[in-house]
Structures are given as structure tokens and as C-alpha cells.
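Written out below as C-alpha cells is the structure these notes cover.
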Amino acid sequence: MRELDTASAIERARTLLDERPGRVILGLAGAPGAGKSHLATRLHRALPGSVVVGMDGFHLAHSILTARGDVARKGTPDTFDAHGYVALLQRLRDPQGVTVWAPEFRREVEDAIAGAVEVPASARLVITEGNYLLLETEPWCRVRGLCDEIWFVAPDEELRVERLVGRHVQHGRAPEAARERALTGTDGRNAALVAASRERADAVIR
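With our numbering applied, the sequence shown covers -13 to 192.
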């Protein structure tokens, strides 16, 4: 498995576009706080005409999680519409000449907004990022076959945790509660699950 830094990741994406006809779908997987969104943004800025579509757009609505008593578990694999995400990737793989509209998760409202991301038929590169792109359980296991490559984003673990704690504090959690969630709570358990899928990646991004 190759290891890439950000600069070489951008060059690898350019190579994929040169080598493969039609649309390229590039996946970025990794634990919470790994920097997937940051890398997706860097790739998007470096590669004109690319579009970023996040897995987080398929979070179940906050009202649904509240009714189920699952708000504290938000972010685990079963709190996503995974089948919907796979269906979107299938449409993106074969857009049939039409624009595809994707949802986007908005942290300011803690909910997904439908039809928020435009993917025109002309878009050569779609970058999709999320925690669970490399899981082997249904239906997540179908994501692998719908992407040209999936890279695992793996920063220094201490940096990842501190970044995640900072994010939780920024969104209103007390520092102690934020650290507990990041290390041993929902995010900690999700990180362990995601780490176990790392070997299925095409490359690791440091």
C-alpha cells in the first residue's frame, strides 16, 4: 500500500484523471477528526471542475434519532442512510448526462440539507469522504466497488484526538465531555471500527 502526503495525493488524483476515461470517483476514509474534509477541500481547490460529496449528508434526521433515543449514538454506522449513500454513488458513477443533486450535512443545524450539492454531468472528478467507506458490512461494502480508489487519511493520533476535542468544544461540549467522547465514547468506538478497515485502502495519506 502506497503512502502519500498532500502534494503527492494531488498528483495521484491528476494521474487517475489522465489514465481513466469518464468520471473518476475518489473516496477518502478515516476516523473522526482525521482531516478528511480538509484533504477533500485541498484536492477540490487544486483540481478544477471537481466536486466534493460527503457521506455525512446521509445522517438520519436529528428528529428521527431523537424519536429512536439514538442522539447520543449519532455518527455510528446505523445512524446513516447507508443504502441511500450507495444509491447516490451509483447515480454518480453513471449520471446518464444529467446533473445529480446530493445532500450536505450542516453542523450549524446538526442536520442534512437535501439537494445542496450540485454535481453537473461534466464533472470529471467526484471526491467523496466519510468514516465508513471501507467497511465490509452491508451495504457499506458496496462503496469500494463504486470508487476508483479509496484513500485512508491517517494523521498523528494525538493530533487527530486534539482536533476532534476542539471540534466538540466549539460546538458546545464541555472540555471533559468532549475528550471522553473522543477517546472512549461514540467517537472513540467509531475510530476503532474505522481503523480496522484501513487495510482495504489503496493508499494511506499522512
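Every residue, glycine too, gets a C-beta built ideally from N, C-alpha and C.
Exercise. Which residue from A102, E124, A168 and E162 puts its Cα closest to that of L145?
Worked result: Nearest option by C-alpha distance: A168.
Exercise. Are G19 and V147 touching if we call contact CB-CB under 8 Å?
Worked result: In this structure, V147 lies closer than 8 Å to G19 by Cβ.
For this session: Report yes if the C-beta distance between G218 and A98 is below 8 Å; otherwise report no.
Result: Outside the modelled stretch of the chain, which goes from -13 to 192, sits residue 218, for which no answer is possible.
Exercise. On the three-state DSSP scale, how would you describe V129?
Worked result: In the three-state reduction of the DSSP assignment, V129 falls in the helix class.
Exercise. Looking at the unbroken alpha helix (DSSP H) that takes in A68, where does it start and where does it end?
Worked result: Run containing A68: A68 to R79, per the alpha helix (DSSP H) assignment.
Exercise. Near R79, which residues of its chain fall below 8 Å by C-beta distance, leaving aside the five closest residues on each side in sequence?
Worked result: Same-chain partners within the cutoff: R9, I11 and L132.
Exercise. Thinking C-beta only, is D188 closer than 8 Å to I136?
Worked result: Yes. Within cutoff.
For this session: Tell me where the alpha helix (DSSP H) around R175 begins and ends.
Result: Element bounds for R175: T172 to A181.
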